[in-house]
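Inspection log for the structure reproduced underneath, given as structure tokens.
2 protein chains.
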Amino acid sequence: MTVTNSGSAETRSRTIQKSVKKSCKNVCSVKSVKSLVPITTWLPKYNITLLIQDIIAGITVGLTAIPQGIAYAIVAGLPPEYGLYSGLMGGFVYLFFGSCKDITIGPTAILAAMTAKYVSGYSYDYAVFVAFLSGWVVLAMGVMNLGFLVEFISIPVISGFTTAAALQIASAQLISLFGMKGASGNYFSESMINFFKSITTFNIRDSILGVVTILILMALKRIGEGCSRTDGVVKQLRWLLSLARNAVVVIIGIIIAYILKVTTGEEPLRIIGEIGSGLPTIQPPPFSTVVGNETQNFTDMLQTIGAGSIILPLVSILELIAIAKAFAGGVEVNATQEMIALGLCNIIGSFALSMPVTGSFTRTALNNASGVQTPAGGIFTGILILLALSLLTSTFYYIPRASLAGLIITAMFYMIDYKIFARLWRTSKKELIYLIATICVCLLLGLEYGIIAGVVLDALVLLFTSARPSLDVNTISSAKGNVIVIRLPECLPYCAADHLRRKILKVSFKAKSDTLIVMDGVILRKMDTTVASNLMSVIKDVEKTNIKILFLNFHVSIKEMCNVINPKYRNKFVTSGSSIEDIVEVTVKVTV
Amino acid sequence: MTVTNSGSAETRSRTIQKSVKKSCKNVCSVKSVKSLVPITTWLPKYNITLLIQDIIAGITVGLTAIPQGIAYAIVAGLPPEYGLYSGLMGGFVYLFFGSCKDITIGPTAILAAMTAKYVSGYSYDYAVFVAFLSGWVVLAMGVMNLGFLVEFISIPVISGFTTAAALQIASAQLISLFGMKGASGNYFSESMINFFKSITTFNIRDSILGVVTILILMALKRIGEGCSRTDGVVKQLRWLLSLARNAVVVIIGIIIAYILKVTTGEEPLRIIGEIGSGLPTIQPPPFSTVVGNETQNFTDMLQTIGAGSIILPLVSILELIAIAKAFAGGVEVNATQEMIALGLCNIIGSFALSMPVTGSFTRTALNNASGVQTPAGGIFTGILILLALSLLTSTFYYIPRASLAGLIITAMFYMIDYKIFARLWRTSKKELIYLIATICVCLLLGLEYGIIAGVVLDALVLLFTSARPSLDVNTISSAKGNVIVIRLPECLPYCAADHLRRKILKVSFKAKSDTLIVMDGVILRKMDTTVASNLMSVIKDVEKTNIKILFLNFHVSIKEMCNVINPKYRNKFVTSGSSIEDIVEVTVKVTV
Numbered sequence: 002m003t004v005t006n007s008g009s010a011e012t013r014s015r016t017i018q019k020s021v022k023k024s025c026k027n028v029c030s031v032k033s034v035k036s037l038v039p040i041t042t043w044l045p046k047y048n049i050t051l052l053i054q055d056i057i058a059g060i061t062v063g064l065t066a067i068p069q070g071i072a073y074a075i076v077a078g079l080p081p082e083y084g085l086y087s088g089l090m091g092g093f094v095y096l097f098f099g100s101c102k103d104i105t106i107g108p109t110a111i112l113a114a115m116t117a118k119y120v121s122g123y124s125y126d127y128a129v130f131v132a133f134l135s136g137w138v139v140l141a142m143g144v145m146n147l148g149f150l151v152e153f154i155s156i157p158v159i160s161g162f163t164t165a166a167a168l169q170i171a172s173a174q175l176i177s178l179f180g181m182k183g184a185s186g187n188y189f190s191e192s193m194i195n196f197f198k199s200i201t202t203f204n205i206r207d208s209i210l211g212v213v214t215i216l217i218l219m220a221l222k223r224i225g226e227g228c229s230r231t232d233g234v235v236k237q238l239r240w241l242l243s244l245a246r247n248a249v250v251v252i253i254g255i256i257i258a259y260i261l262k263v264t265t266g267e268e269p270l271r272i273i274g275e276i277g278s279g280l281p282t283i284q285p286p287p288f289s290t291v292v293g294n295e296t297q298n299f300t301d302m303l304q305t306i307g308a309g310s311i312i313l314p315l316v317s318i319l320e321l322i323a324i325a326k327a328f329a330g331g332v333e334v335n336a337t338q339e340m341i342a343l344g345l346c347n348i349i350g351s352f353a354l355s356m357p358v359t360g361s362f363t364r365t366a367l368n369n370a371s372g373v374q375t376p377a378g379g380i381f382t383g384i385l386i387l388l389a390l391s392l393l394t395s396t397f398y399y400i401p402r403a404s405l406a407g408l409i410i411t412a413m414f415y416m417i418d419y420k421i422f423a424r425l426w427r428t429s430k431k432e433l434i435y436l437i438a439t440i441c442v443c444l445l446l447g448l449e450y451g452i453i454a455g456v457v458l459d460a461l462v463l464l465f466t467s468a469r470p471s472l473d474v475n476t477i478s479s480a481k482g483n484v485i486v487i488r489l490p491e492c493l494p495y496c497a498a499d500h501l502r503r504k505i506l507k508v509s510f511k512a513k514s515d516t517l518i519v520m521d522g523v524i525l526r527k528m529d530t531t532v533a534s535n536l537m538s539v540i541k542d543v544e545k546t547n548i549k550i551l552f553l554n555f556h557v558s559i560k561e562m563c564n565v566i567n568p569k570y571r572n573k574f575v576t577s578g579s580s581i582e583d584i585v586e587v588t589v590k591v592t593v
Numbered sequence: 002m003t004v005t006n007s008g009s010a011e012t013r014s015r016t017i018q019k020s021v022k023k024s025c026k027n028v029c030s031v032k033s034v035k036s037l038v039p040i041t042t043w044l045p046k047y048n049i050t051l052l053i054q055d056i057i058a059g060i061t062v063g064l065t066a067i068p069q070g071i072a073y074a075i076v077a078g079l080p081p082e083y084g085l086y087s088g089l090m091g092g093f094v095y096l097f098f099g100s101c102k103d104i105t106i107g108p109t110a111i112l113a114a115m116t117a118k119y120v121s122g123y124s125y126d127y128a129v130f131v132a133f134l135s136g137w138v139v140l141a142m143g144v145m146n147l148g149f150l151v152e153f154i155s156i157p158v159i160s161g162f163t164t165a166a167a168l169q170i171a172s173a174q175l176i177s178l179f180g181m182k183g184a185s186g187n188y189f190s191e192s193m194i195n196f197f198k199s200i201t202t203f204n205i206r207d208s209i210l211g212v213v214t215i216l217i218l219m220a221l222k223r224i225g226e227g228c229s230r231t232d233g234v235v236k237q238l239r240w241l242l243s244l245a246r247n248a249v250v251v252i253i254g255i256i257i258a259y260i261l262k263v264t265t266g267e268e269p270l271r272i273i274g275e276i277g278s279g280l281p282t283i284q285p286p287p288f289s290t291v292v293g294n295e296t297q298n299f300t301d302m303l304q305t306i307g308a309g310s311i312i313l314p315l316v317s318i319l320e321l322i323a324i325a326k327a328f329a330g331g332v333e334v335n336a337t338q339e340m341i342a343l344g345l346c347n348i349i350g351s352f353a354l355s356m357p358v359t360g361s362f363t364r365t366a367l368n369n370a371s372g373v374q375t376p377a378g379g380i381f382t383g384i385l386i387l388l389a390l391s392l393l394t395s396t397f398y399y400i401p402r403a404s405l406a407g408l409i410i411t412a413m414f415y416m417i418d419y420k421i422f423a424r425l426w427r428t429s430k431k432e433l434i435y436l437i438a439t440i441c442v443c444l445l446l447g448l449e450y451g452i453i454a455g456v457v458l459d460a461l462v463l464l465f466t467s468a469r470p471s472l473d474v475n476t477i478s479s480a481k482g483n484v485i486v487i488r489l490p491e492c493l494p495y496c497a498a499d500h501l502r503r504k505i506l507k508v509s510f511k512a513k514s515d516t517l518i519v520m521d522g523v524i525l526r527k528m529d530t531t532v533a534s535n536l537m538s539v540i541k542d543v544e545k546t547n548i549k550i551l552f553l554n555f556h557v558s559i560k561e562m563c564n565v566i567n568p569k570y571r572n573k574f575v576t577s578g579s580s581i582e583d584i585v586e587v588t589v590k591v592t593v
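Chains as they are written, first to last, in my numbering: chain F, 2 to 593; chain P, 2 to 593.
Printed below as a string of structure tokens:
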């Protein structure tokens, strides 16, 4: 039996050096330049079978991408065509730079909700400008390998943020769902207040359509359960109907609105109306905009966006990486590459009037379920959107706002993770508090502040936990005298110095005369000067009474650090086996 | 041999509950009310012997407190009498509420330097207002038990801050040292630029006096080395002369200035001039002030102070606690009590025109060396200052500015810890970077920003370190197949979830077919939902290939958390001995 070990304290610093060298090398190698454009890897092997599968998946996704695009444009407060434009460029750019076959890039509910604030407060230009800005930030973070920052957002915080976003988005749609008049709001509270204020303008026809839309969507989702692409014809049909349910309800809505128009000659339902048709004009993103009577320049726009210019990109990275991990199938996700692809999607998209885009969970899952083989599927989604933009805008004119509202609210209903509340209640009430705190701040102050609050709360608790490491105390009463062993943890950071000092003093006060206190450092790997100074200064304090202190099995580098701080106590460091008998033996030997 | 253990994972939560209960109880008990006013403990035992020792110590400290008070008022840009007023109330208030006999409360160089910005930019009123405000903040932090916040300032950051403060204070005195004309500056860089700009106004008489003052101070410090209060007469005299060196050089300066005035009829040296004599008027602290032609109200003043209203109190707490620990002699410092005392010193002091005060290291050391027995020593220091204010202001008129500058610069010279640079270079280069970064930010942007930068840097590095725990990997090749053991650390916080996932995937990719990966959780105590979710999701990814994964010796609460997240994998948790043989045995048994 042979045992090999990696990752010990000595090899660690060498590993770090190596990994730094490696990442420097990686940036420049031919292989990495090639891996920057993953299309170069899969395109040579592309064939007709793959093509057919990609076409089928691409079109299936397109059937969802079109109604979702329009819906998310509405969520952001933009004209519907912006949502379609946003679904276009993402797919084409990701085709070249993306490394996960399933991912579809486009507008998402959360990014739309985060953009809404700027659109309603300022102008449409802001949506495109935010996409451009966010693209550069994502790209820069990708190049600088800063993707690890999203690791500092814990699941309770992500879940709280998502729940709050869903509530905020859904609440903003209530006005449309019930055919009311008036604006909704940028925050959950504002939307709810406006909803109750406008409740008298309630319209029965829109309401019925809206509620029925929700019911149909829920029913269609259910009938698809347990069915897949590879089942028999009936099951396959159920599966397809379930997948295309967003398109189905929108088409039903259009038909109803059209019939009502033709039969009554009026437009009794509130519909989305005129949609700019045709391709978006290719133009530089807006670096200035007119708000009211004032022209805002680049700097003004940047100031308006403020902290959002970091948080929105971080959220888009978070969405993308989470989806990539979910669909990577055990393969490690190249986060850097994904971030570069996402950044380029946003930057290039912003030249074609795109709002901020990222990986969409619904459409990625759909893409995967439809059997997509390469990122080429995105082309066919794009072509379908292009066709819609060219031919169907006069049809889209009749989309009832209540249908879209129903569609959005249903999607939001499924976005919330209800089970996490019970799960955290059972396993970790502390984390339940983070979850609820994140939700509350999101709903009361806005999504950005909520996610910041959650991350800061998590980080502060982690810091405070580091400052209070657990210190096991074993009292050994033997014939040769009492020995108290304080077992030091793996890591003692600066902020634990005082805690350790207090613990030692407390132990020494309670100890009988002639007791020996042993600091067992066998698993201690990391310690800094602050702790070392405290340890060296506490010796004098403890040994004022008739108590001795010894440092057992300290790593040589930590021992050296202590000795540099106070060379006088060099002889207090001893080595022995780590069993209790060994400790008693060596310490009795030393003190005798 | 009996072994008792405290602090295991199970008992921890109970310990926390207990300590919460205890601290609630502590606030209300009679004992704690009594311990809030420590004078009630020592006054009943007070006697004539103690009184005589306290008088001697108090007067010795007074001899330093007077020149230092005047000097630090100058550092803050205030008229000299403010420094004396500040030395008065502190001692009287601390007498009642202070728990460490040695500590003397008064103005310090660092607090003076931090106050200087407001005085030079606005008005004298700001110094008193800052003392008042800072007093309330310190008191509130004391009552709320927030003293532990200073544990998050590591030694390299404290040292960098102190070094930068010393450089800043000393640089601001260069103009006075060389008898130049013109203002100095609020920052190191500004002071140095102003110094070189004004270098043509250099005055030879002041310069000689200033430089000679420094030399005398250094010589007097040296002759006192190795001497103490209890030595023979000669050594005792040397000791006394060394202790009173600040008073000595000021007196020499006064004599020279006076003689020059009498002989030449002019005032060829720059002297401090008129000092407001007598007691300070007792009046409420200024809640509004006039700056230029504008009146600033309470809110304006609060806004001006901004972040300083937290940082200045934190620094004063830091100074006090550090000194208290140094002189506590192994007894645990009651940080809460000290903070309450300090808060009251500042609040009550601000009614008698005091600038911010805290424990002074020099004078506390002097107090200790002079054999003080109780905080009553402070009364006699106070009385000496009162006498000086009543009788000596016409004498203080002649104090040469160059003498004071020499005194301040020498004190700053000794405040810097030169050895820490070499020590950190040898033991911890990472911490040397924090030290230098803190110094640079302090010198370039100001002391407040420097300490914030240092603390944030430390905290961020700690967070990143927590996100990358060391995971030992042991490969065991046995006849029955390969086993790879990944040893989990004591604590796996949310931010380590991705790192762990990547490690497991990496190990599984490299592993041969039929390998068993064992996650050894024997020392794992803390893990949160984020890590648990990642662990449960990685199983599926790993087991797609022909590799199995097992969770060995997980604590029951952690196992339960994982099972709630995914009950399907309940059978993957096994228990065995923790030696390699045991692991191989149990895992082979499970997989067969």
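C-beta atoms are modelled at their ideal positions from N, C-alpha and C, and glycine is treated no differently.
query: Can you find the residues in the same chain that come closer than 7 Å, C-beta to C-beta, to I324/F, ignoring five residues on each side of it along the sequence?; result: I104, G360, F362 and T365
query: Find the residues of chain P that neighbour P287/F, judging by a C-beta separation of less than 7 Å, and give them in chain order.; result: Here the premise fails: no neighbours, minimum Cβ distance about 35 Å.
query: Given E226/P, which residues of its chain have a CB within under 8 Å of its CB, disregarding the five upstream and five downstream residues?; result: S243
query: Residues in the same chain with beta-carbon distance under 7 Å from T531/F, minus the five sequence neighbours each way, listed in chain order, please.; result: Y495 and A498
query: Any beta carbon of chain F sitting closer than 8 Å to that of V565/P?; result: yes
query: Taking Cβ-Cβ distances below 8 Å as the criterion, which residues of the region 145–168 of chain F are in contact with chain P?; result: F149, E152, F153, S155, I156 and P157
query: So is K573/F buried or exposed if we call it buried at 16+ other beta carbons inside 10 Å?; result: buried
query: Of all the CB atoms in chain C, is at least one closer than 8 Å to the CB of Y495/F?; result: In the displayed structure, chain C is absent; the protein chains listed are F and P.
query: Would you tell me roughly how many angstroms separate the C-alpha atoms of S577/F and Y415/P, rounded to the nearest one?; result: 42 Å
query: Within 8 Å (strictly less), CB to CB, does T516/P reach chain F?; result: no
query: Of all the CB atoms in chain P, is at least one closer than 8 Å to the CB of E333/F?; result: yes
query: Helix, strand or coil, according to DSSP, for T576/F in the structure here?; result: coil
query: Quick one: using the 10 Å Cβ neighbour count with 16 as the cut-off for buried, is F98/P buried or exposed?; result: buried
query: Could you check if D515/F is buried or exposed, using at least 16 other CB atoms within 10 Å of its CB as the buried criterion?; result: exposed
query: How is E267/P classed by DSSP in three states: helix, strand or coil?; result: coil
query: Would you verify that the beta carbon of M562/P is, or is not, closer than 8 Å to some beta carbon of chain F?; result: yes
query: Three or more C-beta pairs under 8 Å: does that hold for the region 432–449 of chain P against the region 152–165 of chain P?; result: yes
query: What did DSSP end up calling Q284/P once you bin it into helix, strand or coil?; result: coil
query: When you compare only the Cα positions, how much space is there between I111/F and T163/F?; result: 8 Å
query: Counting along the chain, where does the alpha helix (DSSP H) carrying F97/P start and finish?; result: P81 to F98
query: L463/F CB to nearest chain P CB: under 8 Å?; result: yes
query: So, is the C-beta of S124/P closer than 8 Å to a C-beta in chain F?; result: no
query: Identify whether S7/F lies in helix, strand or coil by the three-state DSSP scheme.; result: A caution first: S7/F carries a pLDDT of 49, below 50, which makes its placement in the model too unreliable to give a value.
query: Examine chain P for any beta-carbon lying closer than 8 Å to the beta-carbon of T337/F, and answer yes or no.; result: no
query: Which residues of the region 406–438 of chain P have a Cβ closer than 7 Å to any Cβ of chain F? Give them in chain order.; result: R424, L425, R427, T428, S429 and E432
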